[in-house]
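Before any comments, here is the structure.
Residue numbers (this note's numbering): 192 to 481.
Now the structure itself:
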């Protein structure tokens with residue numbers, strides 16, 4: 192009798208317990224698979240651990256101190272799963288919902304193509320819009336971006352399997368062989384942003400292909416976030432502006448961006464991408480604050 196491979200589902204979370212519970216419900220609704228959720232609770236203050244234990248006592252919980260960030264939380268979950276001898280590792284965000292059969296499609300393709308890392312087609316919940324059809328890299332556009340973000344989706348839009356430059360960590364299945372050859376995420380160099388892209392670029396450098404399996408559907412279900420109030424004075428505006436380039440959780444953190452671009456961007460493109468990235472950050476700052 193063939194034993195079903197054991198799959199650990201790694202889910203980082205921070206203060207989004209209701210969103211997380213919906214995610215876990217979709218995980219445990221996957222049929223005929225040996226799935227175990229590993230929730231990495233990075234210092235939540237909303238009762239996350241207690242509510243998860245009440246609703247899903249079979250889930251494992253790894254406690255963080257609030258300083259893991261996304262990549263560190265993924266690594267904490269992977270270390271626990273590796274130590275427990277899981278065979279495969281599914282990366283999910285806490286605002287993802289797995290469609291029925293999603294993991295089954297990922298597992299079947301990964302088992303048939305062990306030299307490939309397989310991700311899912313991610314759509315925005317309750318819409319006909321795409322959230323993520325893989326990550327493409329265009330240095331004229333300042334590097335990695337979500338392919339077809341908020342573009343219309345319709346059946347037959349994509350082939351069954353699409354190559355990708357990288358993936359966004361929403362419904363990605365990894366094997367022990369992938370991790371043995373690539374290693375874990377570089378959580379110190381890329382704590383929040385670019386850690387996923389760095390991992391898949393390293394995977395490709397190690398001979399793995401990276402694809403999106405469009406039969407595996409994941410819905411992105413982000414909670415509504417109110418827009419930040421406008422700065423009350425110049426001092427607050429300057430503080431927010433400095434934070435944009437220094438906070439580890441910012442997509443425009445200067446040290447993280449410089450590290451990623453220096454490592455992967457063709458050197459002759461660096462001036463172009465630096466200007467584009469600067470303009471992009473200014474546009475982002477104005478949109479978020481004014």
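Virtual Cβ for every residue (Gly too), placed ideally from N, Cα, C.
- Here DSSP, grouped into helix, strand and coil, assigns residue 462 to helix.
- Within a 10 Å sphere around the beta-carbon of residue 338 sit 16 or more other beta-carbons, which makes this residue buried.
- Looking at the backbone, the Cα of residue 232 and that of residue 204 are separated by about 5 Å.
- For residue 448, there is no enclosing beta strand (DSSP E); the residue is part of the alpha helix (DSSP H) that begins and ends at 445-455.
- In this chain, the beta strand (DSSP E) harbouring residue 410 covers 400-411.
- Comparing C-alpha distances from residue 212 to each of 286, 195 and 277 shows the shortest one belongs to 286.
- A direct Cα-to-Cα measurement between residue 264 and residue 347 gives close to 35 Å.
- In this structure, the straight-line span from the alpha carbon of residue 336 to that of residue 361 is close to 14 Å.
- By the neighbour-count criterion, in which a residue is buried when 16 or more other Cβ atoms sit within 10 angstroms of its Cβ, residue 343 is exposed.
- In terms of Cβ geometry, residue 401 and residue 358 form a close pair [threshold 8 Å].
- Only buried fits residue 262, as 16 or more other CB atoms lie within 10 angstroms of its CB.
- Residue pairing by DSSP places residue 357 opposite 326 in a beta bridge.
- Straight through space, the alpha carbons of residue 237 and residue 311 are spaced by roughly 30 Å.
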